[in-house]
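For reference, the structure discussed in these notes is given below.
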Amino acid sequence: MAATPLSPISFAPSPVRSRVSETEHVGLDALEPGERGVVHGMRGDGPIERRLQDLGLLPGTRVLVLRRAPLGDPIEYELRGYRLCLRRTEARRVLVDRSPAPVAAPSPSRRK
Amino acid sequence: MTAAACGHEGAASISSSEGLLRLGLVGSPNSGKTTIFNALTGLRAKVGNYPGVTVERREGGADLDGHRAILIDLPGTYSLAPVSEDEAVVSRLLAGELEGVEPPDALVVVADACSLERSLLLVAQVLRLGRPSCLVLTMTDELVARGGKLDVARLEAAVGIPVVPVIGHRGIGLDRLKRILGHPEGWSRPPILPPASAIERGAWAESVLAHVLVRRPGRSGVTDAVDRVLLHPVAGVLVFAAVMVLFFQLIFAWAQPAMDAIDAGVGVTSGALRAALPPGIATDLLVDGIVAGVGSVIVFLPQIVLLLGLLHLLDDLGYMARAAFVIDRVMGWIGLEGRAFVSLLSSYACAVPGIMATRTIPSSRDRIVTILVSPLMTCSARLPVYALLIAAFVPARAVFGPVGLQGLVLLGLYLLGSLSALVVAALLKRTLFPGEGLPFYMELPPYRVPTLRLVATQVWGGARSFLKRAGTIILLVSILLWGLLNFPRVDPPPDLAPEAARSYAMEQSVAGRLGHALEPVLTPLGFDWKIGVGLVASLAAREVIIATLAQIYATTDEDASLREAIRSDVHPDTGRPVFTPGTVAALLVFFVFALQCTSTLAVMRRETNSWRWPAFAFSYLLALAYGASYLVHRVVDAFWT
Numbered sequence: 000m001a002a003t004p005l006s007p008i009s010f011a012p013s014p015v016r017s018r019v020s021e022t023e024h025v026g027l028d029a030l031e032p033g034e035r036g037v038v039h040g041m042r043g044d045g046p047i048e049r050r051l052q053d054l055g056l057l058p059g060t061r062v063l064v065l066r067r068a069p070l071g072d073p074i075e076y077e078l079r080g081y082r083l084c085l086r087r088t089e090a091r092r093v094l095v096d097r098s099p100a101p102v103a104a105p106s107p108s109r110r111k
Numbered sequence: 000m001t002a003a004a005c006g007h008e009g010a011a012s013i014s015s016s017e018g019l020l021r022l023g024l025v026g027s028p029n030s031g032k033t034t035i036f037n038a039l040t041g042l043r044a045k046v047g048n049y050p051g052v053t054v055e056r057r058e059g060g061a062d063l064d065g066h067r068a069i070l071i072d073l074p075g076t077y078s079l080a081p082v083s084e085d086e087a088v089v090s091r092l093l094a095g096e097l098e099g100v101e102p103p104d105a106l107v108v109v110a111d112a113c114s115l116e117r118s119l120l121l122v123a124q125v126l127r128l129g130r131p132s133c134l135v136l137t138m139t140d141e142l143v144a145r146g147g148k149l150d151v152a153r154l155e156a157a158v159g160i161p162v163v164p165v166i167g168h169r170g171i172g173l174d175r176l177k178r179i180l181g182h183p184e185g186w187s188r189p190p191i192l193p194p195a196s197a198i199e200r201g202a203w204a205e206s207v208l209a210h211v212l213v214r215r216p217g218r219s220g221v222t223d224a225v226d227r228v229l230l231h232p233v234a235g236v237l238v239f240a241a242v243m244v245l246f247f248q249l250i251f252a253w254a255q256p257a258m259d260a261i262d263a264g265v266g267v268t269s270g271a272l273r274a275a276l277p278p279g280i281a282t283d284l285l286v287d288g289i290v291a292g293v294g295s296v297i298v299f300l301p302q303i304v305l306l307l308g309l310l311h312l313l314d315d316l317g318y319m320a321r322a323a324f325v326i327d328r329v330m331g332w333i334g335l336e337g338r339a340f341v342s343l344l345s346s347y348a349c350a351v352p353g354i355m356a357t358r359t360i361p362s363s364r365d366r367i368v369t370i371l372v373s374p375l376m377t378c379s380a381r382l383p384v385y386a387l388l389i390a391a392f393v394p395a396r397a398v399f400g401p402v403g404l405q406g407l408v409l410l411g412l413y414l415l416g417s418l419s420a421l422v423v424a425a426l427l428k429r430t431l432f433p434g435e436g437l438p439f440y441m442e443l444p445p446y447r448v449p450t451l452r453l454v455a456t457q458v459w460g461g462a463r464s465f466l467k468r469a470g471t472i473i474l475l476v477s478i479l480l481w482g483l484l485n486f487p488r489v490d491p492p493p494d495l496a497p498e499a500a501r502s503y504a505m506e507q508s509v510a511g512r513l514g515h516a517l518e519p520v521l522t523p524l525g526f527d528w529k530i531g532v533g534l535v536a537s538l539a540a541r542e543v544i545i546a547t548l549a550q551i552y553a554t555t556d557e558d559a560s561l562r563e564a565i566r567s568d569v570h571p572d573t574g575r576p577v578f579t580p581g582t583v584a585a586l587l588v589f590f591v592f593a594l595q596c597t598s599t600l601a602v603m604r605r606e607t608n609s610w611r612w613p614a615f616a617f618s619y620l621l622a623l624a625y626g627a628s629y630l631v632h633r634v635v636d637a638f639w640t
């Protein structure tokens, strides 16, 4: 597995990461609309994976699943302040830690 | 802290061949890059709201605070590590490896302030190129409206290059931007370059952002609300279908008054010229060749303007990306992807830009498939032909509320072309071009109110290129045809009436003989020699058939409009109408399929770098057109008469 473990890099809030670090990684396509996840890494190391990284799907990035297209594919995600559509086949390449269901229910209009 | 104030000593000597500063504009799609380019250069350039529209490299001269500079509008990209031919051009250009193109002396990164979190990844890549760089922040008004706050001075300090916030569509901040862009030698340079690896770049972006983002922008409430409807599993599909129906209905209904006015204007002009000039061959050429030929094309400008206007309006609004999101699964079934949809959609206006838009498709196989089927999308050059035949032969009857029979027939023709394109693409993918699916990613930009000036600029650009074609190819073909139709000049038998004499002269002309020679092939489709002449002429460009028919019928009936003329035309032998329902239907279907367009063939040759694919496209589409027209003619005439 090419997924690189997180390097100790300073970026603002980290409690989410430490809480989920023990859970199993799933493909981004496995998340349901409304679910959140934190990117862990990529399944491979090809041009597609590199492009997904350049689109902002980097370790530690929080992703919210917004919706599926009317016919089920592609899927719309929100990350890094923008909205990105990926097909299932590409989303599967992204490994995420499923964020636990929000307990303190953050308002849907404000991430984190 | 302004750029000039914090200037490192001008380490970079800004070199330039003609002494002109060359600035490269880099940015992701939807960043507002093209708006900035337009604002600085004043050039008419297309501005899109859909990822992948900016496919051409464009340059424009700009006056930057008294300095003349060349602005290079680089194709929109999310990354400098290329995955498509388009992006490879950018990285090669920036590296100075593109032959014949000087690399820019300095780079201007354009980034949407609302998605800075992502844009900083591109900024990091640009900084690593080591050229003088500066960052332009667009959509700062939107950032504020969404409750966000950004500390520009801290951003300048953190990134190490000048940062200029602008509101491109309102021109706010442009004067300062021009002052700064004019002096790249004074731009500050980052003391330490951002990291090279993607993962570390992400961490770098996070740390910069944490430093400069005072308040994170909330989500666009409007976009959330609208998307809940437009991307809804049921409502979204219904809206998609409704938008398409409305689209064509409106174009057809709204264009009519303007078309009638232009029609009348051309008639008046011809009449006045004929009255003022002495009769003779020169007057015939002017009136029947030039005025009639160009006039018959200009008359359809209102429809083209409306079509382009609606297309660009939806694009700038942000709906085109949603449409691709809704339709992507369908494109996936035929083995293509959302961006192929954009290309095919562009082909609704004209296959030429549609084919050029395929450059954003990374897989060359998918690219060729998309190019081969793009002529099946109903381009605006077919619209005049459809409009003429529908207006002449389909009754203007209401079918359901405001939806009329004419609009439904037009919609049917669009659907026939579109569905055929999908079927042919699926067949090609399964036979000639088997291959894996493309990586698909697409940004859904926030909905933005399109500025009318921008839409108008885009429409004018499209209309101008149509007129240019009308003015060059069509005018040339009109004159050539006038020659074919009038030479050799024969003396008709003296006892013939003037109209019949003209008809006789026409039949004896080169074109008439050609039409007659083709008749054995055309009769099974229900076409007579006049339609045959029109079809031969339309091989240059589809709409030329109208100019041709106008010329042919002008020789038999000068005063009635073309519509009346073809409606009342009868076979001289049988006395039955030339345009039977079967003939009209067959002709419409022929135009759905046949590749009658010199420009399309030329651009196919250029994009595939071989005559093989244009030849293939022309042959398979001609076979398809002939077969389908034959069937339709048989079926319709069997049921109608």
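Top to bottom, those sequences are chains A and B.
Residue numbers for the first sequence follow numbering that gives the first Met the number 0, beginning at 0 and rising by one.
Residue numbers for the second sequence follow numbering that gives the first Met the number 0, beginning at 0 and rising by one.
C-beta: ideal position from N, C-alpha, C; glycine also.
*Using a Cβ-Cβ cut-off of less than 9 Å, list which residues of the region 66-91 of chain A approach chain B; keep chain order.*
Here the close residues are R66, R67, A68, P69, L70, G71, D72, P73, E75, E77, L78, R79, G80, Y81, R82, L83, C84, L85, R86, T88 and E89.
*Quick one, which of V398/B, L134/B, V634/B and Y503/B has its alpha-carbon nearest G31/B's?*
Along the second sequence, read from residue 1 onward, the residue named residue 31/B stands at position 32. Closest by alpha carbon: L134/B.
*P46/A touches chain B at which residues, Cβ-Cβ below 7 Å?*
As a first step, residue 46/A must be located in the first sequence, where it is residue number 47. Neighbours of P46/A in chain B, taken as residues at a C-beta separation under 7 Å, are given in chain order as V82.
*Give the secondary structure of L24/B by DSSP, where H, G and I count as helix, E and B as strand, and everything else as coil.*
On the second sequence, position 25 is the one that residue 24/B refers to. Residue state, collapsed to three classes: strand.
*Near A616/B, what residues of its chain come up, given a Cβ to Cβ distance below 7 Å and the 5 sequence neighbours on each side ignored?*
By one-based count along the second sequence, residue 616/B stands at place 617. If we look at A616/B and ignore the five residues flanking it on each side, its Cβ neighbours are L371, P374, L594 and M603.
*asked:* Below 8 Å on the Cβ atoms is my contact criterion, and I expect T357/B with S342/B to pass it. Report the Cβ-Cβ distance as a whole number of Å.
replied: The residue you call residue 357/B lines up with position 358 of the second sequence. The residue you call residue 342/B lines up with position 343 of the second sequence. Contact holds; Cβ gap of about 5 Å.
*Nonlocal neighbours in the same chain, by C-beta distance under 6 Å from R91/A, ignoring five residues either side*: Locating residue 91/A in the first sequence gives position 92, where the first residue counts as 1. Around R91/A: G26 and D28.
*In chain order, what residues of the same chain lie with their CB nearer than 6 Å to the CB of A350/B, ignoring the 5 residues before and after it?*
As a working mapping, residue 350/B is identified with position 351 in the second sequence. Taken in chain order, the residues that qualify are S373, P374, C378 and T599.
_DSSP three-state assignment for T579/B, whether helix, strand or coil_ = Counting from 1 along the second sequence, the entry for residue 579/B is found at position 580. Reduced to three states, the DSSP call for T579/B is coil.
*Secondary structure at F638/B, three-state DSSP: helix, strand or coil?*
Position 639 of the second sequence, counted from the start, is the residue given in the question as residue 638/B. Helix at F638/B.
_On the DSSP letters alone, give me the boundaries of the alpha helix (DSSP H) that Y385/B sits inside._
Within the second sequence, numbered from 1, the residue matching residue 385/B stands at position 386. First-last of the alpha helix (DSSP H) with Y385/B: R381 to F392.
_Any 3 or more C-beta pairs closer than 8 Å across the region 320-330 of chain B and the region 229-236 of chain B_ = Inter-segment contact for the region 320-330 of chain B and the region 229-236 of chain B is present: three or more beta-carbon pairs are separated by less than 8 Å.
*Report yes if the C-beta distance between D104/B and L20/B is below 7 Å; otherwise report no.*
Translated into positions along the second sequence, residue 104/B becomes position 105. Translated into positions along the second sequence, residue 20/B becomes position 21. A Cβ-Cβ contact shorter than 7 Å links D104/B with L20/B.
*Mind checking whether G185/B and D64/B have CB atoms under 7 Å apart?*
Counting from 1 along the second sequence, the entry for residue 185/B is found at position 186. Counting from 1 along the second sequence, the entry for residue 64/B is found at position 65. The Cβ atoms of G185/B and D64/B do not sit closer than 7 Å to each other.
*Paired residues, beta bridge with K148/B - DSSP*: As a working note, residue 148/B is residue 149 in the second sequence. Note: K148/B sits in a beta bridge opposite R214/B.
*Quick one: which chain B residues come within Cβ less than 8 Å of G55/A?*
The sequence position of residue 55/A within the first sequence is 56, counting from 1. What G55/A touches in chain B: E116, R117, L120 and G201.
_Which residue marks the beginning of the alpha helix (DSSP H) containing G531/B, and which one marks its end?_
As a position in the second sequence, residue 531/B is number 532, starting the count at 1. It spans W528 to S537 - the alpha helix (DSSP H) in which G531/B sits, taken as one unbroken run.
*What separation, rounded to the nearest whole angstrom, lies between the Cα atoms of S346/B and E23/A?*
Locating residue 346/B in the second sequence gives position 347, counting from the first residue. Locating residue 23/A in the first sequence gives position 24, counting from the first residue. About 46 Å.
*Opposite F617/B in the DSSP bridges: which residues?*
For the purposes of this step, residue 617/B is taken as the residue at position 618 of the second sequence. Answer by DSSP bridge pairing: none, since F617/B is not bridged.
*Using a C-beta cutoff of 7 Å, does F340/B count as contacting chain A?*
Start at 1 with the first residue of the second sequence, and residue 340/B comes out as number 341. F340/B does not count as touching chain A.
*For the 8 Å Cβ check, are there 3 or more pairs between the region 444-462 of chain B and the region 232-241 of chain B?*
By the criterion of at least three beta-carbon pairs nearer than 8 Å, the region 444-462 of chain B is not in contact with the region 232-241 of chain B.
*Chain-ordered neighbours of S78/B on chain A, where CB pairs are closer than 7 Å*: The residue given as residue 78/B occupies position 79 in the second sequence. In chain order: R50 and D53.
*Cβ contact check for the region 205-216 of chain B and the region 114-121 of chain B: 3 or more pairs under 8 Å*: Yes, since at least three Cβ pairs between the region 205-216 of chain B and the region 114-121 of chain B fall closer than 8 Å, the two stretches touch.
*Cα-Cα, which of A195/B, G217/B and L120/B is closest to G146/B?*
Taking the first residue of the second sequence as position 1, residue 146/B is located at position 147. Nearest to G146/B by alpha-carbon distance, out of A195/B, G217/B and L120/B, is G217/B.
*List the residues of chain A whose Cβ lies closer than 9 Å to the Cβ of P216/B, in chain order.*
One-based indexing of the second sequence puts residue 216/B at position 217. Residues of chain A passing the Cβ test: G80.
*Kindly indicate which three-state DSSP category F682/B falls into: helix, strand or coil?*
Coverage of chain B is limited to positions 0 through 640, which leaves residue 682/B absent and any answer about it impossible.
*Return the bridge partner residues of V399/B from the DSSP annotation.*
Mapped onto the second sequence, residue 399/B falls at position 400. It should be pointed out that residue 399/B corresponds to Phe in this sequence rather than to Val. Beta-bridge pairing links F399/B to V402/B.
*For T222/B, the three-state DSSP class (helix, strand or coil)*: In the second sequence, counting from the first residue as 1, residue 222/B sits at position 223. In the displayed model, T222/B falls within a helix according to three-state DSSP.
_CB contact flag (W528/B, P580/B, <7 Å)_ = Locating residue 528/B in the second sequence gives position 529, counting from the first residue. Locating residue 580/B in the second sequence gives position 581, counting from the first residue. Their beta carbons are not under 7 Å apart, which means W528/B does not touch P580/B by this criterion.
*asked:* Quick check: is the beta carbon of P58/A nearer than 7 Å to any beta carbon in chain B?
replied: As a position in the first sequence, residue 58/A is number 59, starting the count at 1. Judged by the 7 Å Cβ criterion, P58/A is in contact with chain B.
*Under the assumption that G525/B contacts D636/B (Cβ atoms under 8 Å), give the Cβ distance between them as a whole number of angstroms.*
Against the second sequence, residue 525/B aligns to sequence position 526. Against the second sequence, residue 636/B aligns to sequence position 637. Their Cβ separation, rounded to whole angstroms, is 7 Å, which keeps G525/B and D636/B in contact under 8 Å.
_Out of R273/B, L623/B, F432/B and L316/B, which one is the CA nearest neighbour of G642/B?_
No answer is possible for residue 642/B: it lies beyond the span of chain B, which begins at 0 and ends at 640.
_With 16 other Cβ atoms within 10 Å as the buried cut-off, status of I280/B_ = Residue 280/B sits at position 281 when you count from the first residue of the second sequence. The residue is exposed, with fewer than 16 neighbouring Cβ atoms inside 10 Å.
*Run the CB neighbour count on V384/B, radius 10 Å, all protein chains shown included, and call it buried at 16 or more, exposed below.*
Taking the second sequence and counting its residues from 1, the one referred to as residue 384/B is at position 385. Flag for V384/B reads buried.
_In the DSSP output, what is A61/B paired with across the bridge?_
One-based indexing of the second sequence puts residue 61/B at position 62. According to DSSP, A61/B bridges with A68/B.
*Using 7 Å as the limit for Cβ to Cβ distance, is A462/B near chain A?*
Within the second sequence, residue 462/B is the residue found at index 463, counting from 1. A462/B does not count as touching chain A.
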